[in-house]
Amino acid sequence: MNALVIAALLLVLLTFSYQVGWSRSRKLAGNKSQHLHSRPIYHGVLAALFAVLPAMVIIGIWALFSEQVTNSFIVAQLPPETAQLSQMQLQAAIARVKAIASGYGVVGEPSATEVVAAQVFASYQQISFLAVLAAAAAIGAGGLFWAQRRIGPRLRARTEVEIFVRIALMACSAVAIVTTLGIVLSLLSDALRFFSFINPLDFFFGTTWNPRFQSAGTGSAGEYGLLPLLWGTVMISIIAMLVAVPIGLMSAIYLSQYADERVRNVVKPIIEVLAGIPTIVYGFFALVTVGPFFAAAGDAVGIDINATSALTAGVVMGIMIIPFISSLSDDIIAQVPRAMRDGSLGLGATQSETIRNVLLPAALPGIVGAVLLAVSRAIGETMIVVLAAGNSPVLRFNPAEPTSTVTVSIVNQLTGDADFTSPQSLVAFALGLTLFAMTLLLNVMALYIVRKFREQYE
Amino acid sequence: MDMIAGKIKLTSKTVDQSMNPLDVLERETRLSARDVTVHYGDKQALFGISIDIPDRAVTSFIGPSGCGKSTFLRCINRMNDTIEGARVGGSIKLDGDDVYDPNLDVVELRARVGMVFQKPNPFPKSIYENVAYGPKIHGLARSRTDLDEIVVSSLRKAGLFEEVKDRLNEPGTSLSGGQQQRLCIARAIAVGPQVILMDEPCSALDPIATAIIEELIDELRENYTIVIVTHSMQQAARVSQKTAFFHLGKLIEEGVTEDIFTNPEHKQTQDYIMGRIG
Amino acid sequence: MTDTLLSAASPGSRNREQVRKGLRRRHRSEVLFRWAGILSIVAALGFVAILFGMILSKGMPSFWQSTLHLEAYFDPELIEGGPQPQREDSNSDADYQRAYSNWQRAVTLSNWNTVVETAIRAQVPEFEIETGDLLDLVTTAARFQLRDQYFANPDVLGQTMPVSILGSANTDNWLKGTIDRSQPDARQQLAPETRQLADQFLEQGIIRFDFAGHIFTNVDSRSAPASAGLAGAFMGSLYMMMVVIVLAVPIGVASAVYLEEFAPKNRWTDLIEVNINNLAAVPSIVFGLLGAAVFINYFGLPRSAPIVGGLVLTLMTLPTIIIATRSSLRAVPPSLRQAALGLGASRNQTVFHHVLPMTFPGILTATIIGVAQALGETAPLLLIGMSAFIANIPSSPMDSATALPVQIYLWQGNENRNFFEARTSAAIIVLLGLMLMLNAIAIFLRSRLEKRA
Ligand SMILES: Nc1ncnc2c1ncn2[C@@H]1O[C@H](COP(=O)(O)OP(=O)(O)O)[C@@H](O)[C@H]1O
Ligand SMILES: [Mg+2]
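Protein chains in written order, with numbering that gives the first Met the number 0: chain A, 0 to 457; chain B, 0 to 277; chain C, 0 to 452.
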């Protein structure tokens, strides 16, 4: 209800001020001797901006603080003992008053003080709402008044509107920067808090991961050695790359160099379907199909393979990354000039000789960049490893055994009731920071290499 | 500047005097094309081209842009196979072997018919590796010294050796445009072809580099059958003994270069030579 | 020098021999290489096929669930609470609500299980089976099903009505054979009598596999897995996608326009550029950490709320939308801009009136790609508490909720593997179906828009 009234007020203000700006400048323009700098529409928009923006600021401030002010107002109306109540009871008392004031009523007979408080509160609510409305309207009117006084033939209304638009656009593009800053700062500050519990050396070089949860009762904070997790991450990424790079690269080569257009137009979108599948689906696939398959296959040949293992997670992650590698390599191979290929074919090289000796060496930097991007994706991948890696943070080198990764541990440490005070949950941020730093490094390197590669053939 | 001008003049003079034009007619035929047609998809690019190309001489194809010169050139070593949608009809014989015989191996054909492209296209490898590429893939060198020898002699024949002998390990792309084109010629020679096809080899080069290449072509003529596409009539006149004029996918006229330029039979040829067609 | 000239004088003959010798080997390796390519493609396509085959074969049966078709007697002896209270003028809203909820509580606390039991026994009066085992046949939510039917129409008190009651998850497993039927009694979830009854009912047509519409209309349930549904998760996802569309699209398009059309090329814009490219490659879980630390811990927004999930996904989707919009802006020919500028339009007018409208199909595609990506994202949502069990449909973005992919995560972890493997696959089918629909819409709109342009 209130929101509707406010929206209506703003809308009225908007149309009215626009109309004022528009018609005033129109009148000026009608006067033949005057030549307006900007079209009336811009004067209208400018006037509307001057009126609506300040009004919105007032309403915004009210929206931010009204809750607190209202609550302390109600508490002030109630007998002084109320203030001594616990947080929960206080909330309940406030809610009762609000319910009575709104006319909904409460179960049972309300106390006299409550009824009085509710009456006072109801009128307070009305008055404060009207006051805010009035303030917003007044400020809006003030803005409009000032804006319409400025209207004149030489007012550069269009320029001012465009400056405003440009500032708004710039602010939007700053969101990306703010996001990065937010990531870095939040990770850093919480990681530092973690390091106030645990020595960074023990974290980065420790070989045991055992964050005892406090509920286990022991006073000890647990051990937070990163290395088992890091090794799990690396091992799974290596397996993923062993699957994805050959298959992705060879598919890209075949589709771009051998396949005719019909085949290409059918196969390419199908492979790209793999890229659109959510990773949770891959995780489920790994858990339900691939893992048991490996375990059975291992049984058949007499090797002990765990259904949830680095192998399972790595292979499925590799499948997930195939389209990523193949579409990037496709782009990159397409950038190698055709003349290079013709030169080799013209000398009598076979197609595959040309690809291996000329095309791939020429595309190598770009492909390396693509693989680095893929690696960064692999180490940041979460759901597949949460479901299929076995969640066993022990330093082990056999890929057929369960393992754990940095991302898995982040999920484990932060999914429960995060309190942001114990090392058990704060360690997630130290892990996140490590992950962020690794992927950032890979991404920057990859983007740099790919960019250099592109420039080479431009 | 004077020196350069002198050099160009000198070159054209050498070329003109080096061979009696009528000799061309006595040379044996190395390549003979009969009724060659090419389609790109639905579009026909060549209409029944028949021509004989003499051994150890330079034959040039001239004609306005888009008339099918390159298309015909690519038929000779079957580079059109690599273009999606291109179909070739008719026959081309190289020393009596049908180039389009299904039993003939394109790889072997291309080892016999080398090609130099419009834009110099050295591989992103060292100068040495660029030249060694062909011999390596074809297994022409039995040993490292064999290979060294082939590379050096090819670079020599391409007149590039003296300029690059101290930097054989530098990338081929570090050379100037003219040097790169000669590197591509050396690369083609290294395979030991009988025929060398050149598609506007000088169009991306400055006049000095052009003059050097033209001189080189004239030298190579003694050992190779050379076919060159050019859009410059002066160049055709300077380097070739036989000239063919293409227009709109048809071969309008062919003959001894001198005749074509001084005494064309067809009006279209004349118009082109006088600069009245594109 | 003479030497080389001599050898060059007879090029070919010796070389041709050499070339011929190598041909067989070279063509063989060409064929091998080609086959390596074909095999890679077959492998990639095979993975797609296996993945979809597995999901579909496991998931589709789950949409048809064993349902008992019975006659239930709404016995006044059993159903307590009396008639439904009516609103009277003397009461306040609160009083009426209280009376109504007291009635509801009484009805709920009635012995509905006996109603269910009687209805089942009526079909097989002779069959000897203990009550507990009998009730194992149907979902534990059966009593709520009857109760809700009664709430919807209290007039049925004292009458016999046809009802359809979901079989329990274990019954479903048994009848579909998703549990090994040859296992000994000790390892079966259901008593022998219960299994026998289930088989008998199936034969008699009392149990039928009905389309399980409740997958779409029910919320998640732990006590009654058979009637667990996706409605809550769906609403959670819907709210999040709304937040993403409302925030990510305008902000993303605005930044793309600024960077591509207005920004001076300097260090600052270079930085933004690099930054956006990096942001696109930051692991999604890091955004989850950001959400937990900033939105929940710092700004005090509620845990498990779609608003927080939406904000996190917005930040995650932003780079996708910016990059895609920029590339479609880049595809607008410069001549168009010059023409507009030449006619005296200002830079703003050129961009907003001439350039931007042309990129509309591109922006639309980018939006849908971004939303589809956000729709399937799981990891960051786990960190902001959206994996909590929520048994309500959220009524606003501030309520606790879960999301489709998180629901999949929760279901795959359920102990009743035999039932939930299929149910999870069904949820995946729904999720993939939604994504497919989004993409189809994108392709359709795009072709429409491009035709018009
Ligand atoms: N790869 C190709 N695909 C389709 N058409 C082509 C291709 N290459 C050339 N053409 C067409 O064939 C005709 C002859 O081209 P080309 O042989 O390159 O001419 P020239 O070399 O004489 O300039 C032109 O009309 C051209 O458009
Ligand atoms: Mg050409």
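C-beta atoms are modelled at their ideal positions from N, C-alpha and C, and glycine is treated no differently.
Query, Result
"Distance cutoff 7 Å, beta carbons only. Does B/Met197 sit that close to anything in chain A?", "no"
"If you compare alpha carbons, which of A/Thr414, A/Ala111, A/Arg355 and A/Leu35 is closest to C/Gly290?", "A/Thr414"
"Would you say the beta carbon of B/Tyr324 comes nearer than 6 Å to a heavy atom of ligand 1?", "Since the displayed chain B opens at 0 and closes at 277, residue 324 of chain B lies outside it and no answer follows."
"Cβ atoms of C/Val311 and C/Pro396: under 7 Å apart, would you say?", "no"
"Looking at ligand 2, does it come within less than 6 Å of B/Ser69, judged from the CB to the closest heavy atom?", "yes"
"Which residues of chain A have a Cβ atom closer than 7 Å to the Cβ of C/Ser395, listed in chain order?", "By Cβ distance, chain A contributes nothing, its closest Cβ being about 13 Å from C/Ser395, past 7 Å."
"Between C/Asp209 and the rest of its own chain, which residues show a CB-CB distance below 6 Å, the 5 nearest in sequence each way excluded?", "Thr66"
"If you follow the beta strand (DSSP E) that B/Arg33 is part of, which residue opens it and which one closes it?", "Thr28 to Tyr39"
"Quick test of the definition: if touching needs 3 or more C-beta pairs under 8 Å, does the segment 402-413 of chain C touch the segment 276-295 of chain C?", "no"
"Pop quiz: A/Phe452 and A/Pro364 are said to be a contact at Cβ under 8 Å. What is the actual Cβ separation, rounded to whole angstroms?", "4 Å"
"Under the criterion of a Cβ to heavy atom distance below 6 Å, does A/Ser37 qualify as lining ligand 1?", "no"
"Tell me the DSSP bridge mates of B/Thr58?", "B/Val226 and B/Lys241"
"Measure the beta-carbon distance from C/Asn14 to B/Leu139 and round it to whole angstroms, keeping in mind my assumption that it falls under 8 Å.", "6 Å"
"Return the CA-CA distance between B/Arg109 and B/Tyr223, expressed in angstroms with no decimal places.", "14 Å"
"Any chance the segment 428-441 of chain A sits against the segment 238-246 of chain A, with 3 or more Cβ pairs inside 8 Å?", "no"
"Between C/Val18 and chain B, is there a C-beta pair that is closer than 7 Å?", "yes"
"Could you check the C-alpha separation between C/Val30 and A/Ile246 for me, to the nearest Å?", "17 Å"
"Please state the DSSP three-state secondary structure of B/Met2.", "Note that B/Met2 has pLDDT 40, beneath the 50 cutoff, so the model's placement of it is unreliable and no number is given."
"Going along chain A, which residues have a C-beta under 9 Å from C/Arg97?", "Val106 and Gly107"
"For the segment 301-313 of chain A against the segment 83-102 of chain B, are there 3 or more C-beta pairs whose distance is under 8 Å?", "no"
"In chain C, which residues lie with their C-beta within 9 Å of the C-beta of A/Met534?", "The requested residue 534 of chain A is not part of the displayed model; chain A covers only 0 to 457."
"By a C-beta neighbour count over all protein chains shown, 10 Å radius and 16 as the cutoff for buried, is C/Glu449 buried or exposed?", "exposed"
"Label C/Phe126 either buried or exposed according to how many other C-beta atoms from any shown protein chain fall within 10 Å of its C-beta, with 16 as the threshold for buried.", "exposed"
"Excluding the 5 residues preceding and the 5 following C/Thr1 in the sequence, name in chain order all residues of the same chain whose CB lies nearer than 7 Å to its CB.", "Residue confidence is low: C/Thr1 scores 39 on pLDDT, short of 50, so the model does not pin down where it sits. No coordinate-derived value is stated."
"Counting only beta-carbon separations shorter than 7 Å, does B/Val194 have a partner in chain A?", "no"
"Between C/Gly412 and C/Leu355, what straight-line distance do the alpha-carbon atoms span, to the nearest angstrom?", "47 Å"
"Could you tell me whether any Cβ in chain A is nearer than 7 Å to the Cβ of B/Lys249?", "no"
"Do we get a CB-CB distance below 7 Å when we pair A/Ala251 with the residues of chain B?", "no"
"Is the segment 416-428 of chain A in contact with the segment 251-259 of chain A, if contact means three or more CB pairs nearer than 8 Å?", "no"
"I need the straight-line Cα distance from A/Gly297 to A/Ala399, nearest angstrom please.", "9 Å"
"Is any non-hydrogen atom of ligand 3 found closer than 6 Å to the C-beta of A/Ile332, if you look at the structure I gave you?", "Of the ligands this structure carries, namely ligand 1 and ligand 2, none is ligand 3."
"So for A/Glu497, helix, strand or coil by DSSP?", "In the structure as shown, chain A starts at 0 and stops at 457, and residue 497 of chain A therefore has no counterpart that could be examined."
"Please name the residue, chosen from A/Val384, A/Ala137, A/Asp201 and A/Leu180, that lies closest to A/Val56 on a Cα-to-Cα basis.", "A/Ala137"
"Closer than 8 Å, Cβ to Cβ, to anything on chain C: give me those residues from the segment 346-376 of chain A, in chain order.", "Gly347, Thr349, Gln350, Ser351, Glu352, Ile354, Arg355, Leu372, Ser375 and Arg376"
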